[in-house]
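Accompanying notes for the structure given below.
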Amino acid sequence: MIAALIAGMALASTSAAPQVVSISPSARSIPANTLRLYVTFDHPARGVVATRDLRLLDDAGRTIDGAFMDFGQDLWSPDGRRLTVLFDPGRVKRGVEGDGESAAPLQVGRSFTVEVSGKRFHYQVTPAVRTAIAPQTWRLALPKAGSREALTVTFDREMDDALLRDQLEVVDAQGRSQPGQVTASASGRVWSWRPKHGWRIGAYRLAVGSSLEDVSGNRVGEALDHDVGSPDAPHESLAIRFTVERHRE
Numbered sequence: 049m050i051a052a053l054i055a056g057m058a059l060a061s062t063s064a065a066p067q068v069v070s071i072s073p074s075a076r077s078i079p080a081n082t083l084r085l086y087v088t089f090d091h092p093a094r095g096v097v098a099t100r101d102l103r104l105l106d107d108a109g110r111t112i113d114g115a116f117m118d119f120g121q122d123l124w125s126p127d128g129r130r131l132t133v134l135f136d137p138g139r140v141k142r143g144v145e146g147d148g149e150s151a152a153p154l155q156v157g158r159s160f161t162v163e164v165s166g167k168r169f170h171y172q173v174t175p176a177v178r179t180a181i182a183p184q185t186w187r188l189a190l191p192k193a194g195s196r197e198a199l200t201v202t203f204d205r206e207m208d209d210a211l212l213r214d215q216l217e218v219v220d221a222q223g224r225s226q227p228g229q230v231t232a233s234a235s236g237r238v239w240s241w242r243p244k245h246g247w248r249i250g251a252y253r254l255a256v257g258s259s260l261e262d263v264s265g266n267r268v269g270e271a272l273d274h275d276v277g278s279p280d281a282p283h284e285s286l287a288i289r290f291t292v293e294r295h296r297e
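Our numbering numbers the first residue of the sequence shown as 49 and each following residue consecutively.
So, in structure tokens, the structure goes:
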């Protein structure tokens with residue numbers, strides 16, 4: 049009976065181990081200068097999983113040492129479910145060449161794997177993105193008045209998933225924040241916002257926070273790794289205006 053109790057406790061302990069729910073970016077291909085990864089677990093994993101537990105493997109299955117930044121302290125969300133892991137920016141900076149441990153961990157045209165908690169996530173590496181985010185390239189699909197259709201924004205690049213959900217907001221003509229639900233596509237290129245209540249006819253704004261970034265750390269008007277002598281112009285905030293009109297048959 050005691051043995052059965054111990055076995056049951058061991059089984060419960062095993063089943064309680066945090067499981068990886070997702071990793072972001074979740075697209076199958078990401079830029080060579082991708083800045084960070086987000087690993088989300090089904091329940092709090094702080095103190096159980098650490099950045100050092102992640103492995104980056106090349107297309108031959110070999111571990112790439114020193115790929116991730118070591119801050120001496122892991123970057124967890126307040127609820128302990130999401131771990132933020134940064135690639136070493138010094139190894140992906142433009143113009144920096146190196147071999148071995150100083151080489152960029154993500155090589156264009158090759159594949160690599162992130163391994164964490166017994167799960168593997170595979171990526172293809174595409175050319176680095178080193179230009180500032182340009183909202184004028186975004187495409188908005190507008191909803192119909194009276195409906196609860198989603199406002200959809202399509203980007204020209206893969207955006208940072210966590211910031212994408214936090215740094216865009218729909219406000220009315222008076223500047224009042226509107227309640228609604230945000231979703232982002234697996235590709236990181238489409239953001240959708242569905243209002244809690246039906247759309248009213250009138251003017252709205254899509255407020256863009258100054259901390260919005262793509263997966264390479266570029267911001268609106270400010271590339272993370274711009275040419276020396278050609279500084280970008282960072283913005284504090286901006287708003288894209290749009291109008292919801294009466295539906296015409």
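Backbone N, C-alpha and C define an ideal beta-carbon position, used for all residues, glycine too. The structure displayed is predicted, hence computed values, not measured ones.
As DSSP reads the structure, residue 232 sits in a beta bridge with 239. In this structure, residue 292 keeps its C-beta atom at 8 Å or more from the C-beta atom of residue 181. The residue from 76, 213, 86 and 263 with its alpha-carbon nearest to that of residue 176 is 263. Taking the Cα positions, residue 219 is about 24 Å away from residue 205.
If you look at residue 220, you'll find it in the beta strand (DSSP E) that goes 216-220.
Three or more beta-carbon pairs drawn from the stretch 117-137 and the stretch 85-92 are found closer than 8 Å, and the two stretches are therefore classed as touching.
The beta carbons of residue 170 and residue 161 sit about 5 Å from each other, so the pair counts as a contact at 8 Å. In the DSSP secondary-structure assignment, residue 108 is not bridged to any residue. According to the DSSP assignment, residue 251 belongs to the beta strand (DSSP E) that extends over 250-257.
Residue 72 counts as buried, since at least 16 other C-beta atoms from the protein chains shown sit within 10 angstroms of its C-beta.
In terms of Cβ geometry, residue 93 and residue 128 form a close pair [threshold 8 Å]. Classified as exposed, residue 166 has fewer than 16 neighbouring CB atoms from the shown chains inside 10 Å of its CB.
Taking the C-beta atoms as reference points, residue 201 is found nearer than 8 Å to residue 186.
Within the stretch 157-199, the complete beta strand (DSSP E) segments of 3 residues or longer fall at 159-164, 167-174 and 187-189, listed in chain order. From the listed residues 101, 110 and 89, the smallest Cα separation to residue 125 is found for 89. Taking a cut-off of 8 Å on C-beta distances, the stretch 96-114 does not touch the stretch 228-239, as fewer than three cross pairs fall below it.
In the DSSP assignment, residue 79 falls within the beta strand (DSSP E) that extends over 77-79.
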